[in-house]
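To start, the structure under review is shown below, and the notes come after it.
Protein chains in written order, with the numbering used here: chain A, 796 to 1102; chain B, 193 to 453.
As structure tokens, this is what we get:
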């Protein structure tokens, strides 16, 4: 199948002014180059839901900003929907949507529906198309009761739902989500994840999602791209990620005396069976559970290997 | 594209008016205060001219005409396109991202993103001052509107050039604001008091002369030469500002600051 996003050796360098003592900066400014994205290459097929993860400063947002035509790259190539983003900004924007968790596209003082109406006009939607589309999204994201509420009065979770509706009004084929669950509580995060996934499945939208929350990745995406210091360090399916980095299990058991013990089994050194045999020999076990390490631990290990 | 921008422009104006009228009292009081502010300044000049008669050939009618042009041009800028004032903040806080992600002309979207309703007070002052200037005629009124529009283009262009510095340097907001204020102050002085080096500064560096000197001269005694210099100067400045912005936009580095429109 043809790729909807293609990135080849994409690099972005920022030139930053060095901090110097006294008035040196005024007369002899010194600069340093920061490589935010370093020869990054990957491809995404239509309808894929991809998590794009990495520690702070890894280059996730910078990559998304280049793919959505906000930033020019220093070198390399990228095509989104067969268009070079920075050369075809307006044309591309009719087919992509962006949600930035830290930033709003809604007017602060006005009711949410006014912002939606403005976005409809910006995307050249006819009155009928706009109303039909909005009515569908309002139902899907359960925001009917919020339409007349000014943005300033919305909770963060409500605002994020409205932000996503705003980014989907023109029915984009690709949706870039940059930390859409940032700052939300557990319940709001779960709602947002479900809604994002539901919409993507329903409309076959391609997703590229950045997040620091591994649950976002597990609940929404099928594939994971991990970058660190601007370089790609992992690109495969979620299950493959687990298999490659799953070299330990946790055993939690209760002894006859009621004591609860948790032990780690290194599966590279010993098999689970051998470890359990030894455990049953050493203790009077009354209850036992075996767990995989949480995804966060796996990610931490990937970052450590990437370093 | 032009038709789409025009439709968008009016829709955004509706939203701006809706925002201004969230508190109806505030909107009208602000316009009233703007009128009081303008007329207290004009009153001061009226007292000076009542005492002196003329200043280097300028009488109060000339001053009224100059106020009319500067108030009209500034109000068009402030009511409809004041977003350029906010541009340095948008650049430094990465807020241009939203505009760059949508199928709009970025400059148009940024310029119309902010409006100050109170500056309708300047618009009213401009109209009133034209009618009290003593240079009123039917065709003259349309010429006055043309001159005001061109002076608005210059005001917009200067503010845009100052704002685009933020693409290259950090914390240029205050510098840009101060230079723009100097321009506004110079635009409200009788043009006849400037000569020599000051006149060069007045026309080329801080081009306030295109708001005060040329329009008044043209409305009093039309000269094709002055008209061409005025039109070419204001249009040239406007085109220059668009080039500055286009070039600057390539240097935009975005940012991650939390923010709301």
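C-beta: ideal position from N, C-alpha, C; glycine also.
Bear in mind that the values here come from a model prediction, so they are computed numbers and not experimental data.
In the three-state DSSP reduction, residue 1086 (chain A) falls in the strand class (E or B). Spatial neighbours of residue 444 (chain B) in its own chain (CB-CB distance under 7 Å, excluding positions within 5 residues in sequence) are listed in chain order as 283, 288, 359.
In the three-state reduction of the DSSP assignment, residue 831 (chain A) falls in the strand class, which pools E and B.
Against chain B, a Cβ distance below 8 Å from residue 867 (chain A) picks out 442. Excluding residues up to 5 positions away in sequence, 309, 310 lie with their Cβ nearer than 7 Å to the Cβ of residue 222 (chain B) in the same chain. Just so you know, the alpha carbons of residue 317 (chain B) and residue 901 (chain A) end up roughly 34 Å apart.
For chain A, the residues of the region 206-217 of chain B that bring a beta carbon within less than 8 Å of one of its beta carbons are 207, 210, 211, 214, in chain order. Contiguous alpha helix (DSSP H) elements confined to the region 212-257 of chain B occur at 216-244, taking only those with 4 or more residues. In terms of Cα proximity to residue 886 (chain A), the closest of B:293, B:214, B:279 is B:293. Under the 8 Å Cβ criterion, the region 979-997 of chain A does not count as touching the region 848-861 of chain A, having fewer than three qualifying pairs. Across the region 1004-1022 of chain A, no CB contact with chain B closer than 8 Å is found for any residue. The continuous beta strand (DSSP E) containing residue 893 (chain A) extends over residues 891-895. At a cut-off of 8 Å, the C-beta of residue 222 (chain B) has no neighbouring C-beta in chain A.
Considering only beta carbons, the part of the region 871-890 of chain A lying closer than 8 Å to chain B consists of 884, 885, 886, 888, 889, in chain order. Annotated three-state conformation of residue 826 (chain A) is strand, per DSSP. Identification of residues in the region 287-302 of chain B having a C-beta nearer than 9 Å to some C-beta of chain A yields 287, 288, 289, 290, 292, 293, 294, 295, 296, 297, 298, 301, given in sequence order. Here residue 813 (chain A) is actually not in contact with residue 830 (chain A); their C-beta atoms are around 16 Å apart, not less than 8 Å. Taking 8 Å as the upper bound on Cβ-Cβ separation, chain A lies near no residue of the region 302-316 of chain B.
When the Cα atoms are used, residue 847 (chain A) and residue 304 (chain B) turn out to be separated by approximately 34 Å. For a cut-off of 8 Å, the C-beta gap from residue 967 (chain A) to residue 904 (chain A) is around 27 Å, too long to register as a contact. Ranking A:1078, A:899, A:1086 by CA distance to the CA of residue 1052 (chain A) puts A:1078 first. DSSP places residue 929 (chain A) within a helical segment (H, G or I) once states are collapsed to three.
Cβ contact annotation for residue 894 (chain A) (same chain, cutoff 6 Å, sequence separation greater than five): 958, 959, 962, 972, 975, in chain order.
When only Cα atoms are considered, residue 365 (chain B) and residue 285 (chain B) end up about 12 Å apart.
Among the residues facing chain B, residue 917 (chain A) is included, as its CB has a counterpart in that chain under 8 Å away.
Annotated as proximal: residue 1001 (chain A) and residue 839 (chain A), with beta-carbon spacing under 8 Å.
Using a C-beta cut-off of 8 Å, the region 256-274 of chain B makes contact with the region 338-348 of chain B, since at least three inter-stretch Cβ pairs fall below that distance. Interface residue (Cβ-Cβ distance to chain B less than 8 Å): residue 900 (chain A) is classified as such. The three-state secondary structure of residue 1053 (chain A), taken from DSSP, is coil. When only Cα atoms are considered, residue 344 (chain B) and residue 269 (chain B) end up about 6 Å apart. Closest in C-alpha terms to residue 914 (chain A), from the list B:256, B:196, B:429, B:324, comes B:196.
Nearest Cα to residue 355 (chain B) within the set B:437, B:256, B:265: B:437. Under the DSSP assignment, residue 284 (chain B) falls in the alpha helix (DSSP H) whose first and last residues are 275-285. The beta carbon of residue 801 (chain A) lies closer than 6 Å to those of 838, 874 in the same chain, with the five residues before and after it left out. By the CB criterion at 8 Å, residue 891 (chain A) and residue 1015 (chain A) fall outside the cutoff. The Cβ atoms of residue 400 (chain B) and residue 419 (chain B) lie no closer than 8 Å to each other.
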